[in-house]
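Each residue of the sequence shown is one higher than the last, beginning at -2 in the numbering used here.
Even for Gly, the Cβ is constructed at its ideal location relative to N, Cα and C.
Computed from a prediction, not measured in an experiment: that's the story for all the values here.
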Amino acid sequence: MRTAGRVADLGAGGGFPGLALAVALPATEVVLVESAKRKAAFIRGAAEDLGLENVRVEAVRAESWTAGRDACDVVTARALAPLGVLLEYASPLLRVGGSLIAWKATPPADEFRDALAAGAILGMGAPVAHPVEPYLDAGARSLYVSSKVMDTPAGYPRREGMARKRPLRASSRG
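Next up, the structure:
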C-alpha cells in the first residue's frame, strides 16, 4: 500500500477510509468513487478543507469509471457489497499485480464460494482474510485481500447494476 501510485476507494460514502489513506499516503493519488452526488460533494469539500491535494472524487458508479480501468494499484471497499461483487467492481480497475482490500465481517460460506468462483473468472486470486480488531465491540472483522493475477476478460465490468443483480456464483448455486 505504501508504494501504491493510485488507490481507489469504492463506495466512498463519508470518505472513510479514502480520506484517511490520503492523509497517510501524501505521495499516492487517492480516488474516492461515490455514485451519490451529495456524498461526493461532501467528500470533495472535506478534502479541500483538509488541504489534500492528492485526492480526486469521482461521482460515478465503479462500473462506469472508465478512466480508472487498469489504472489502480489498490482498490478498497467497506460495507459496499458481497465479496464476489466487490471482486467484479475492482478487477477491471486494477493493474495486474494490484490488490483489492475489502473490510468485511466473516462472509457466509456460500458468499465465500461465490467470491472464489468470481475471482477465477475475473483473473483475481483467492481472497485471504487478515483479521483486525478495530475497536471494542466491533465484532469479527477482517481485511480480505485479493490480488489481480491476470487481465480481466472482455465483457467486464458488466453494465451498471448487473454485478449486484446477477452476481457471479459458484456452479453449485447455479
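Name the two residues that bound the continuous alpha helix (DSSP H) containing Glu108.
From DSSP, the alpha helix (DSSP H) with Glu108 extends over Ala106 to Leu119.
Which residues in the same chain as Ala87 place their Cβ atom closer than 6 angstroms to its Cβ, once the five residues preceding and following it in sequence are excluded?
Val72 and Leu97, listed in sequence order.
I'd like the span of the beta strand (DSSP E) that includes Glu31, first residue to last.
First-last for Glu31: undefined, no H or E at that position.
Tell me which residue opens and which closes the beta strand (DSSP E) that Leu140 is part of.
Taken as a continuous stretch (DSSP letters only), the beta strand (DSSP E) holding Leu140 covers Arg138 to Ser144.
Alpha carbon to alpha carbon, how far is Leu83 from Glu157? Give it in angstroms, no decimals.
Near 13 angstroms, if we compare the C-alpha coordinates of Leu83 and Glu157.
What did DSSP end up calling Val71 once you bin it into helix, strand or coil?
In the structure shown, Val71 sits in a strand (DSSP, three-state: E or B).
Less than 8 angstroms between the beta carbons of Ile40 and Glu31, yes or no?
Yes. Within cutoff.
Based on the DSSP secondary-structure assignment, which residues constitute the bridge partners of Asp6?
Answer is Leu29 and Thr73, bridged to Asp6.
Span of the alpha helix (DSSP H) holding Ala21?
Where Ala21 is concerned, the enclosing alpha helix (DSSP H) stretches over Gly15 to Ala21.
For Met159 and Tyr153, I'd like the C-alpha separation in whole angstroms.
Each residue's Cα considered, the two are about 10 angstroms apart.
Where Leu49 and Ala76 are concerned, what is the direct C-alpha to C-alpha distance, given to the nearest angstrom?
Going by the C-alpha atoms only, they are around 24 angstroms apart.
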